[in-house]
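If you're matching positions, the sequence shown starts at -8 in my numbering and goes up one per residue.
For reference, the structure is listed below as structure tokens.
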Amino acid sequence: MHKSHIFLAIITLLSYTAFSQETLEDVRGKVKFGLKGGINYSNNYDSEGEEFVSESKVGFAGGIFLGIPIGKFLGIQPELLYSQKGYKETGQFLGSTYDFTRTTDYIDVPLLVSIKPVKFLTIQAGPQFSYLVKQKDVFTNPLATIEQENEFKNDNIRKNIFGFTGGLDININKLVIGARAGWDIQNNNGDGTSTNPRYKNAWTQATIGFRIL
């Protein structure tokens, strides 16, 4: 789903929810715990060593969240997420066109400041720590398909990455619909070659959650 489609859907839902506030439970001053799942739409930026056209790819995102109120209108929300990022590319190698897909699986731990101006809307932003669990590369050309997984031959690859994320949640009683964007502040520490470019992840994320508490 493209970024414009995600945020158009969120705006439509916001408009609908605003007209039906009287039916919603106000939990802004309560501790919240729940599960969430959805998709990442990711790519890279601030890259070095690229000799290709980079395209976005879709991956899974999901985990748990804990909302801790600091009064009625402010709070913090730590989360623990399994998050797939990466990118796709096309390029030329020895006169032939190739396709390359990199999927990087992270454990993401965002620590978000929550602003809750009305009972159906939460605005969030804060730092995020990411740990690289697994990386899978798939290289395809007219002659062969090569897959490589969990082989970090370059000792310089950075597994611990610091970033920033922000967005909003729409709260419909126990249902939580979220949209956010995120950017790595640190790069992956690649060596800057065409086979191992240096880059930073960027992504948008859409999730649906269920509040247990």
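The beta-carbon is built from N, C-alpha and C at its ideal position, and this holds for glycine as well.
In this text, all values refer to a predicted model and were calculated from it rather than measured experimentally.
Distance, Cα to Cα, residue i vs residue j?
i	j	result
S45	Q83	13 Å
Q139	L204	42 Å
F111	I168	10 Å
G157	Q75	17 Å
W194	L65	26 Å
I61	G117	16 Å
F51	I59	26 Å
S87	S105	50 Å
K63	K107	7 Å
P188	S38	7 Å
V100	A172	14 Å
K165	I137	45 Å
F201	Q115	17 Å
G20	I161	16 Å
Y97	S121	6 Å
T268	I176	This structure cannot settle anything about residue 268, because the visible part of the chain is limited to -8 through 204.
L123	N151	7 Å
P133	N180	30 Å
Looking at the unbroken beta strand (DSSP E) that takes in residue i, where does it start and where does it end?
i	result
I161	N151 to I163
G200	R189 to R202
S105	S87 to V109
V22	No beta strand (DSSP E) contains V22, which DSSP labels as neither H nor E.
T113	L112 to T131
E140	T136 to E140
G169	L166 to D175
From the DSSP secondary-structure annotation, give me the bridge partner or partners of residue i.
i	result
N31	G50 and Q196
F56	G25 and E70
I148	I148 pairs with nothing; no bridge assigned.
S45	E80
L65	I106
Taking 8 Å as the cut-off, is the beta-carbon of residue i closer than that to any non-hydrogen atom of the ligand SAH?
i	result
A193	Among the ligands in the structure shown, none appear at all, so the ligand SAH cannot be discussed.
If residue i sits next to residue j, beta carbons under 8 Å apart, how far is it from one beta carbon to the other, in whole angstroms?
i	j	result
G53	E70	That belief does not hold up - the Cβ atoms of G53 and E70 are roughly 10 Å apart, past 8 Å.
Y78	N31	Wrong, their Cβ atoms sit about 11 Å apart, outside the cutoff.
L15	I67	Not confirmed; about 22 Å, so no contact.
Given 8 Å, three or more beta-carbon pairs between the segment 124 to 133 and the segment 80 to 94:
Contact check between the segment 124 to 133 and the segment 80 to 94: three or more CB pairs, one atom from each, fall below 8 Å, which counts as touching.
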